[in-house]
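Heads up: the sequence shown at position 869 corresponds to 869 in the UniProt record's numbering, and the numbers run straight through without jumps.
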Amino acid sequence: MPTITTAQIKSTLQSAKQSSANKLHSAGQSTKDALKKAAEQTRNAGNRLILLIPKDYKGQGSSLNDLVRTADELGIEVQYDEKNGTAITKQVFGTAEKLIGLTERGVTIFAPQLDKLLQKYQKAGNKLGGSAENIGDNLGKAGSVLSTFQNFLGTALSSMKIDELIKRQKSGSNVSSSELAKASIELINQLVDTAASINNNVNSFSQQLNKLGSVLSNTKHLTGVGNKLQNLPNLDNIGAGLDTVSGILSAISASFILSNADADTGTKAAAGVELTTKVLGNVGKGISQYIIAQRAAQGLSTSAAAAGLIASVVTLAISPLSFLSIADKFKRANKIEEYSQRFKKLGYDGDSLLAAFHKETGAIDASLTTISTVLASVSSGISAAATTSLVGAPVSALVGAVTGIISGILEASKQAMFEHVASKMADVIAEWEKKHGKNYFENGYDARHAAFLEDNFKILSQYNKEYSVERSVLITQQHWDTLIGELAGVTRNGDKTLSGKSYIDYYEEGKRLEKKPDEFQKQVFDPLKGNIDLSDSKSSTLLKFVTPLLTPGEEIRERRQSGKYEYITELLVKGVDKWTVKGVQDKGSVYDYSNLIQHASVGNNQYREIRIESHLGDGDDKVFLSAGSANIYAGKGHDVVYYDKTDTGYLTIDGTKATEAGNYTVTRVLGGDVKILQEVVKEQEVSVGKRTEKTQYRSYEFTHINGKNLTETDNLYSVEELIGTTRADKFFGSKFTDIFHGADGDDHIEGNDGNDRLYGDKGNDTLRGGNGDDQLYGGDGNDKLIGGTGNNYLNGGDGDDELQVQGNSLAKNVLSGGKGNDKLYGSEGADLLDGGEGNDLLKGGYGNDIYRYLSGYGHHIIDDDGGKDDKLSLADIDFRDVAFRREGNDLIMYKAEGNVLSIGHKNGITFRNWFEKESGDISNHQIEQIFDKDGRVITPDSLKKALEYQQSNNKASYVYGNDALAYGSQDNLNPLINEISKIISAAGNFDVKEERAAASLLQLSGNASDFSYGRNSITLTASA
């Protein structure tokens, strides 16, 4: 690089003058006028701008020569000092690193430092492909630099002028103009240094803003501005985004070129490119405007009225929301970056890419918001000062014009800066797809699914145990991911993204099978065509949709422009109308369709339903249905269909027209309060500056049908057992054997013909067995069980139930009330009646009935209508624990509790109308034999004699059971047990196992009594 001496510079000043003027003229007359106005403002303040060159300085290249020529053209005085550089800097600048100083001659720019800055700037410009040099050819790098400082100093000195105007109106002020000037110049040095280093480290920019905020926080009326600057987030190093904030000096040059109406199109195009990539350099220029507001606020602080006006206007000009929005943006970016770490390990970098986008655009936003806030507050402050006639109108107009131009240019360039960052992200995605041959966003869903498997391994691996199968085939849907969708929108890739992705995984013995088992030769799961094929499986299998699965079909997307800055990616689903499932052929398996979405709202009031068609094998299968229609071909085996795992509507099961066993038509109403899974199309909107991207995607809602009543119809073939919903269901059986479960809700269940099994389960249910040997189980709730004709088994369960059976003298029925206050009505045949716990009413009817009573029961009433051989089994009670007494025509049996017989109706039995007719009458109401647990027997005759004896000899109205025995032997129990077994065997068409289970409910107890007996060891009380 050639060396240039001071003498050479002096000799070329005059010859270079015209050349520099021509270059400046090409930049536009408006630029020159603006710079001259700034220079005039400097002169009006009584100060000079001086370019100081020490005698020992040797310039680098031609840049110093350019500085000298341009300084002369701009009216900036060039001085050559006889002192060397070190001496000058110590005297004027205090340190060799300072660029600008203040002497008695004026404001001085130190040439060596400025030349050094130029060299650094030139390197920054070259990094960006030379665009800065192109602009430099029009205006000149030296002119650009000096005009920048001219503008800085013009602003500062204008503020000094304001200060002087204010001081003239105030007497006795000690504010020194030189002190204000030095403070302003010190601030400018700090800003220029920050601007020069901004292209290397955004962190330093953040730190400098915070430092500036600290200074302003201590300045009256600017506290709010300072605090907000201090609270700006730490921007961190953001890598590739640094190129958008480099080249501060050339960006300012470009802004002046763009403002020149006479500049040619080519020049403006070049300037536009420069501004797009480097406009953030205006941060330095913008922040320097704080000086105006600072001086104005300080100067006006002695006038209460004017100070109040300034403070209020400046405060209004600052938007806390804008700073808060920026802070939130960086917080979100940091959270996304933190979230991304896991998925990086799983092969997806998209979240990190999105975080980088928000950090880089956040840096742009932070910078531009800072500038806008500064300019707004400065302009507001100066306008307020002008309003109070404390600032000259020309100064106010100048500031307003400058701030308006800068704000407009920055706002116009913001979108291009954002798009620049978005394009880089899009390039990264395109390169990845080219390298891997795969959709980038699909890869994101793959990573999400891998994380899902890790997080839920314990649950997923236990399904086979929960459902009692050897293998679990689990289908999961990764639904729309907002971060993946946001990245697609930012990078203009909405047409490449997906609403999600479905997956199939296999588990055996608590382990996930990493690869598809060899036995699955076919494609098991095809979500596009709606096919699932498990027919090759040799294991008992669970097919489960773990998460709601979207309807089958292909997604087609088209991105189009819908406005100036608006784009929308529209979704069309080319769907199929059913899922076809081929089940396991020879092993009993489980098919859980409860999370399958079968209803889709596709927009424009259009609706689509997807049926399930399930062809099962010969094993004992279980099917859990969803809210849509289904055709179930269950095949051989004992197959069960469940409607209670999700909301499947109001159910009516009809087998009345069936010509084959197991065939049912199921109608379901889905209106009213029914909530079902519905597929819907939603939109995610993403903003990139002014550009908005709307992307349509499929999602689901668990919701009502919006006032419409949909009716679904299922066709079930060869299904042996049905479980209803949690609502009030209706079941109508066939002429074959039906097994119905009401599940929750107040159900109405009719078996009709055939040997049926009806279960009310929870709720207040009504069960009608119809013809045949039926089993009816009420379950929880206040149920009504009507056995119909045949030999029936009725079990009320918990609740206050009513049990009825019909039938002739050959009928044999079992009526078990269970807990609650029940009513049991027998038939004309031989019935076994057990009221259970609670206060029950038992009417056996005309047959020879058997009643049972245990010590834990409440007070029962036996109202027997006839029969010559009725029996009562006190299955776990000793006759020494009871006493009998006549009350009118009724016989009361009292049972001891805690060695105390309570004369009341708390427990025991009332035999209604016992004494109305003699025992020989066929329609009498007496029980012919009462057995205690040890086989001892009381008959009506033995009891009558004992009561008469007690009355005549002991004047007592009661008799202890042990004193009324007719005979007693353990052998007496055998005939009773045999009779009970015959009734149970005949009733309900039990198989052997079930018969034993039913009999166990009625097993006679052989436990010894807990009481110690002596003749008078039991105390009789009259308590209720």
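Every residue gets a Cβ at the ideal spot worked out from N, C-alpha and C, and that includes glycine.
Model, not experiment: these values are computed from the prediction.
Buried or exposed by the 16-neighbour rule on C-beta atoms within 10 Å, applied to residue i
| i | result |
| --- | --- |
| K345 | exposed |
| I984 | buried |
| S472 | buried |
| A430 | exposed |
| residue 1032 | A query on residue 1032 cannot be resolved here, the shown segment of the chain reaching from 1 to 1024 and no further. |
| R559 | buried |
| D971 | exposed |
| Y607 | exposed |
| K435 | exposed |
| G28 | Model confidence at G28 stands at a pLDDT of 34, short of 50, so the residue's coordinates are unreliable; what they give is reported in the following sentence. G28 comes out buried. |
| I459 | exposed |
| I749 | buried |
| T695 | buried |
| K544 | buried |
| K843 | buried |
| T713 | exposed |
| T656 | exposed |
| G867 | buried |
| K806 | According to the sequence shown, residue 806 is Gln rather than Lys. The residue in question, Q806, is buried, as its Cβ has 16 or more Cβ neighbours within 10 Å. |
Span of the beta strand (DSSP E) around residue i
| i | result |
| --- | --- |
| H859 | 859-862 |
| I749 | 748-750 |
| S985 | Unbroken run through S985 is the alpha helix (DSSP H), 973-986; no beta strand (DSSP E). |
| E828 | Here E828 belongs to no beta strand (DSSP E), and DSSP marks it neither H nor E. |
| K496 | Careful: K496 lies outside any beta strand (DSSP E) and carries neither H nor E. |
First through last residue of the alpha helix (DSSP H) which encompasses residue i
| i | result |
| --- | --- |
| H449 | 440-455 |
| L487 | 482-490 |
| N464 | 463-466 |
Distance between beta carbons of residue j and residue i, contact taken as under 8 Å
| i | j | result |
| --- | --- | --- |
| L625 | Y643 | 6 Å |
| D840 | N821 | 6 Å |
| Y339 | G444 | The Cβ separation is near 12 Å, so there is no contact. |
| A634 | T646 | With 8 Å as the limit, A634 and T646 do not qualify as a contact, their Cβ atoms being about 20 Å apart. |
| G770 | D746 | Contact flag wrong, Cβ pair sits at about 20 Å. |
| D774 | L758 | 7 Å |
| L710 | L670 | 4 Å |
| P548 | I597 | 5 Å |
| N791 | K812 | 5 Å |
| D639 | D621 | 5 Å |
Which residues DSSP lists as bridging residue i, in chain order
| i | result |
| --- | --- |
| L833 | L815, Y851 |
| H553 | The residue you asked about is not His; residue 553 is Gly in the sequence shown. For G553, which the question treats as bridged, DSSP gives the partners G575. |
| Y591 | L543, V623 |
| R915 | Going by the sequence as given, residue 915 is Phe instead of Arg. Answer by DSSP bridge pairing: none, since F915 is not bridged. |
| N531 | D526, T580 |
| K458 | According to DSSP, K458 bridges with nothing at all. |
| I612 | W579, A630 |
| Q804 | I786, Y825 |
| R332 | Beta-bridge pairing links R332 to no other residue. |
| L794 | L776, L815 |
| S942 | DSSP output for S942 lists no bridge partner at all. |
| residue 1025 | No answer is possible for residue 1025: the residues shown for the chain start at 1 and end at 1024. |
| N715 | N631, T665 |
| G908 | H859 |
| R698 | V681 |
Residue i: CB within 7 Å of a non-hydrogen atom of the ligand GDP
| i | result |
| --- | --- |
| E685 | The ligand GDP is not among the ligands present in this structure, which contains no ligands whatsoever. |
Exercise. Using 8 Å as the Cβ pair cut-off and three pairs as the minimum, do the region 484-500 and the region 520-536 touch?
Worked result: no
Exercise. Can you find at least 3 beta carbon pairs, one from the region 679-686 and one from the region 699-719, that sit closer than 8 Å?
Worked result: yes
For this session: Assess, as a yes-or-no matter, whether the region 973-984 is touched by the region 942-952 under the definition of 3 or more beta carbon pairs within less than 8 Å.
Result: no
Exercise. At a cut of 8 Å, does the region 657-665 reach the region 328-348 through at least three beta carbon pairs?
Worked result: no
Exercise. With a cut-off of 8 Å, do at least 3 Cβ pairs link the region 882-891 to the region 820-834?
Worked result: no
For this session: Decide yes or no for the touch test of the region 684-694 against the region 731-741: beta carbon pairs closer than 8 Å, at least 3 of them.
Result: no
For this session: Check whether the region 571-578 touches the region 534-553, counting contact only when three or more Cβ pairs, one atom from each stretch, lie closer than 8 Å.
Result: yes
For this session: May I ask you to verify whether the region 614-621 touches the region 582-595, counting CB pairs closer than 8 Å and requiring at least 3?
Result: yes
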